Structure formats: structure tokens, C-alpha cells
Amino acid sequence: MGVLADRLDSMQVTSTSPDGQIAGVLRNRTEVLIAFRPGSYGRYSESVLADQLGALARLLWAGRTREYYAALSEAFGETITGESPAISERDRCYRAAREELVAEGRSSDGLVYVGVQGMRTWAVRVADGTIRELDEHEFATRVYEASHAMIDDQFAKIRQLKNYCYADEV
Amino acid sequence: MSFENLMAEAAEIQKSAIGHQVSNSLASAGRGAVYAEKQITAKAQSDFADIPGLYEPFSLMPDPASYQPMIHDLEGAMRTLSSGQGNSDPIDGPIYPANPTLDKLNGTESYIENWTGRAAEDFKRNFIDPFPAVVRNQFLLSAVLKAALEAHQEMWKRARTDIDNIATATISALDHMDDCGSNDWSLAFTVLGAVVAIAAVPVTDGASLLALAAVGSAASVASAVAPGGDENKRRFSGESAGAVIAQMRTAITMLANDIASQEAKIAKAMNDTYGTVTGGRTSFVSNRPLLADANAGNVKGDLGLGYAS
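Put into C-alpha cells, the structure is as follows:
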């Protein structure tokens, strides 16, 4: 693997939830770590917490996209800030399907769910009673598991989609 | 520039392509993967077996630095041949200080005023009078040869850059094709602008319209149109190892063709110039003196040294 792979693999993006209470880090392509401002975790209800995490996911993804294009620009020696326009029928097939693509992940106990469609519409769900049952470190671990599974799912589905749309490319 | 690592980059490309294709095929094979692995691996190795061989000829390209001694020698020749008038390089402009030794021939006229006879007349007609033009034309010819060497040197320099760019972009493309964005990249083929055609260099010869065909290096010819524009950029794309490598093969073929076309420009100019020189030899070399054929019998005669009054 080359320099670009290394840079993408070790990329680190940080952000904070809109209410300022939850810090998030996306690193090594598939890992999401969160930390709560002291005392804030216990004050959440499951639905508000889920909303804040969804917004945090969107922010992390936006940051990741910027970093991604910066890495591409460096690797290819030209300034790239976005995707090039769809040229072929294959491109159009791929882009359209990608908009609809749903990637999902859950923690092993099912208490936390993270899903995204077209990498734009995010849905996070936290099962009722979770906040009472888990302390914030245990909860952060569930978030880690669910988001890791979701990211893996996204990569796997993208690869399948590309294989499908670009099957006769060579 | 990582041109020195070119073969190492080629090996890296091959390894990455095989790795990507194998893991992608295994993922698609699902439960049958473990049975198909040997076959999948063998196919990937076969699909990408040609990669190092594609880069090898480029790793053997002439070193541009090896042209410098020859260019230096021709600069020396130009210094020797530089006379009082028009002593700037017609191709890339630098002025060569006049060589005072050359003026001495014109100074001989007064010495031979009292020398008469065929030899004397021929000497004046064939040597003294045409001398400045012959010198000037040899100066121009040296300039044309020097510029051709510089153009060739520039071509190899740029070819190294271009093949290295192809390798680097291919590695990046393989790294990036599994991401959700479309995988495309562009390459600038800088070798395309390396050799600049020069307006014909007119040969000093009052009567005819001889001109030397010349080419120059884009690096040194001041008026060259900047070749690095978008017209030298080509776009490539690929979403799988096979597609990316196929595009790489295309890029390499394009580069090989570009190099050939630039070399053809130089070759054509040199062939044309050679034709001009051999066809108009007297403009470049003074005629053989009669005295060279004199012997004891005729050396004092009218066809020889003649007499002094």
C-alpha cells in the first residue's frame, strides 16, 4: 500500500455534538471514540442522546470528507475539493445507487444502532433504559461497536456496488 | 524525484494490485472463498505479471546529465568560432564573445598585396573573402547541434518525470478505489512540450536561401509556448484493480508514443540540416587550396605560388 493508503488509514477527525457535551474522534478509518463532558451523560434521555450522536456523526463525516480531499490533493499533486462529474452510464448507475445505499451497525447487545443512507441521512437509536443500565464508558464502547460495524458495512456495500456497476470496466 | 525508485514502485504496484484483486474476489466468493483462494491468487498473479516489465525500459532511459559534456564541448566550439558580428546564439540567445584570433585572417590582405598569380587570386577569392561567412555558418551549425542535444536532454528529463508520475498516481489510485468516491485522476505528459521547433536558421550566403532546420529545448528557448497547460493532461479512471492497471498500461503506451514523436522531431531537423550542409558545402567549408596539390615542378609557376613584383 502506498502513501495515500497510509494517510487515509491514519486520518484523525474530531468534532463536538451541537450541545457541546460530547466530543467525538474518528480515526483509523473505522474507529469512533466518544467522551462526555463530566456529569452530562446522566442528564440525557435516550432520544435526546440519540439526536446529539446523529448530529455528531454528520459533523465527523463532514470533517472526514475535507481531510479525504486534502489527502487526495496531496497524493495526486492537484487540488481536489470534490468528486468529478459523472461521465459514463456506469458513473450514473453508481452515483444513483450510492444515494440510496443504507449502511447499518449495532452494538453486540443491540442497545445502540447507527444507520446512514447515502452518507447523508443519519439515524442513531439508543434503547430505552440504556443510560440507567450502562455507565458512560460502557456506553462509549457500545457506540464504538455500532459505528465500527456500520463503517465496515458501508465499505463492503460500496465495494459490491462498484463491482456491480463497473463490472465490464476493464 | 523518485525516478531512482522506479522499479521498486513497479513492484509495489504489482503487489497492491494483486492484493486488492484477491481480497475483492474473496469477499465476493462468500462461503466458497476458501476453496477458490488458490485459483483467485493465481489469476491475480497472472493478470498483473507484466507490470515490472512495462516499467523496465523506462528505468534504462539515458541519463540527461550524460549530455552535459557534449553540450559543453559545443559551447567551446562556438566560443572558438565567434566572430565580431552576429555572435549571439540564434536559438537560445546568449552572446559569445568574439574570438580575436579570427580577425587575423582579414589582416593578411595587406601582407599579400604584392603577391600575384593564380594561387594568390584563388587564395583571396576562396579563403579571405568568404572567410567571415564560413566562420559564421560553422558557428550557426554548432549552435544548431548544441540545441538539438539540449532538446534531447530535456526530453529524457521530462520522460523521467512523466513515468514516475504514472507510477505514483497508479499507487494512489489503487489505494483509493475502495472508497465511496469515484476514482479518477489526471496526468500531465510533460514530455510533449520538450522539443520546440525553431524557425529556420538562415545560413549566411548572399546568393541562395539556405536555412538550417533547428529544434531547441523548451527549457532554454525563451519564446517557447508554455507546454504545461491542460492540453497535455489526460484523465484516467478505474474502480477495480484490473481497471486501474488497464489505465496504467494505456498511460505507459501514450508516454512511449510521446517520446517517439519528440525524438522524431529532432531526427527530422537533423536530417534536414544534414541535407542542407552537404548540399551547400562551400558555405560551411572553404575549398581545397590549389597549393595542396602543388609539387616541386609547378609550385613556382602561375598555378602555384606565382611571383612577387
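So the sequences go chain by chain: A and B. Mind the numbering: the first sequence is residues 1016 to 1185 in this note's numbering, read in order. Mind the numbering: the second sequence is residues 693 to 1001 in this note's numbering, read in order. For every residue, glycine included, the Cβ atom is placed at its ideal position computed from N, Cα and C. A quick note: this is a predicted structure, and the numbers were derived from the prediction, not measured.
Item, Value
"Proximal residues, the segment 1160 to 1173 of chain A versus chain B, C-beta separation under 8 angstroms", "Gln1169, Phe1170, Ala1171, Ile1173"
"Residue(s) in a DSSP beta bridge with Glu1046 of chain A", "A:Arg1042"
"Whole-number beta carbon distance between Ala851 of chain B and Val893 of chain B, since they are thought to touch under 8 angstroms", "Going by Cβ atoms, the distance from Val893 of chain B to Ala851 of chain B rounds to 26 angstroms, so no, they are not a contact pair."
"7 angstroms Cβ cut-off: residues of chain B touching Ala1113 of chain A", "Per the sequence shown, residue 1113 of chain A should be read as Arg rather than Ala. The answer, in chain order, is Cys872."
"Supposed close pair Val1141 of chain A, Met1165 of chain A - CB separation, criterion 8 angstroms", "About 14 angstroms; that fails the 8 angstroms criterion."
"Contacts around Asp1167 of chain A, its chain only, beta-carbon distance under 8 angstroms, and the 5 residues preceding and following it disregarded", "Thr1045, Gly1120"
"Residue from B:Ala905, B:Val714, B:Tyr727 whose Cα sits closest to the Cα of Asp964 of chain B", "B:Ala905"
"According to DSSP, residues forming a beta bridge with His960 of chain B", "The residue you asked about is not His; residue 960 of chain B is Lys in the sequence shown. Answer is none; Lys960 of chain B lacks a bridge partner."
"Inter-residue spacing [alpha-carbon to alpha-carbon] between Met693 of chain B and Ala1111 of chain A", "Unreliable positioning characterises Met693 of chain B in this predicted model, as indicated by a pLDDT of 46, which lies under 50. The coordinate reading is nonetheless provided below. C-alpha separation (whole angstroms): 40 angstroms."
"Neighbour flag for Gly1017 of chain A against chain B, beta carbons, 8 angstroms", "yes"
"Euclidean distance between Cα positions of Met962 of chain B and Arg1079 of chain A", "56 angstroms"
"Residue range of the unbroken alpha helix (DSSP H) whose run includes Lys707 of chain B", "698 to 721"
"For Thr903 of chain B, three-class secondary structure by DSSP", "For clarity, residue 903 of chain B is Ala in the given sequence; the question names Thr instead. Here Ala903 of chain B sits in strand by DSSP."
"Classification of Thr1136 of chain A by the beta-carbon crowding that lies within 10 angstroms, buried from 16 upward", "exposed"
"Neighbour-count burial assignment, Ile1102 of chain A, 16 or more Cβ in a 10 Å radius", "exposed"
"Under 8 angstroms (Cβ pairs) to chain B, residues found in the segment 1124 to 1151 of chain A", "Met1134"
"Distance between Val1047 of chain A and Asn1178 of chain A (C-alpha atoms, nearest Å)", "27 angstroms"
"Beta-bridge pairing of Leu879 of chain B - partner residues as DSSP gives them", "B:Arg926"
"Leu841 of chain B versus Ala865 of chain B - alpha carbon distance", "36 angstroms"
"Identified DSSP bridge partners for Tyr970 of chain A", "Because chain A spans 1016 through 1185 in this model, residue 970 of chain A falls outside it and cannot be assessed."
"Contact list for Asp1106 of chain A against chain B, beta-carbon separation under 8 angstroms", "Ser874"
"Beta-carbon proximity check, Glu846 of chain B vs Ala790 of chain B, cutoff 8 angstroms", "no"
"For Gln1027 of chain A, the residue or residues it bridges with in DSSP", "A:Arg1042"
"Cutoff 7 angstroms; reference Tyr1059 of chain A; Cβ partners in own chain excluding five residues on either side", "Ile1146"
"C-beta neighbour in chain A for Ile858 of chain B, strict 8 angstroms", "no"
"Three-state class that DSSP yields for Pro919 of chain B in the structure shown", "Any reading at Pro919 of chain B is ruled out, since the residue's pLDDT is 49, under 50, leaving its predicted position unreliable."
"Complete runs of the alpha helix (DSSP H) confined to the segment 713 to 793 of chain B [at least 4 residues]", "725 to 739, 743 to 751, 760 to 773"
"Contacting positions in the segment 742 to 768 of chain B - beta carbon closer than 9 angstroms to chain A", "none"
"C-beta neighbour in chain A for Asp964 of chain B, strict 8 angstroms", "no"
"Meets three-Cβ-pair contact criterion under 8 angstroms: the segment 794 to 813 of chain B and the segment 944 to 962 of chain B", "no"
"Same chain only: Cβ atoms within 6 angstroms of Arg828 of chain B, ignoring 5 sequence neighbours per side", "Thr896"
"Cα-Cα separation, Pro919 of chain B to Arg810 of chain B", "Legend: pLDDT at Pro919 of chain B = 49, less than 50; position of this residue unreliable, value from coordinates given subsequently. Between Pro919 of chain B and Arg810 of chain B, the C-alpha separation is close to 57 angstroms."
"Near-chain B residues of the segment 1067 to 1099 of chain A (beta-carbon distance less than 8 angstroms), N- to C-terminal order", "Tyr1083, Leu1087, Ala1090, Phe1091, Gly1092, Glu1093, Glu1098, Ser1099"
"For Pro894 of chain B, three-class secondary structure by DSSP", "strand"
"Same chain only: Cβ atoms within 6 angstroms of Pro756 of chain B, ignoring 5 sequence neighbours per side", "Gln845, Trp848, Lys849"
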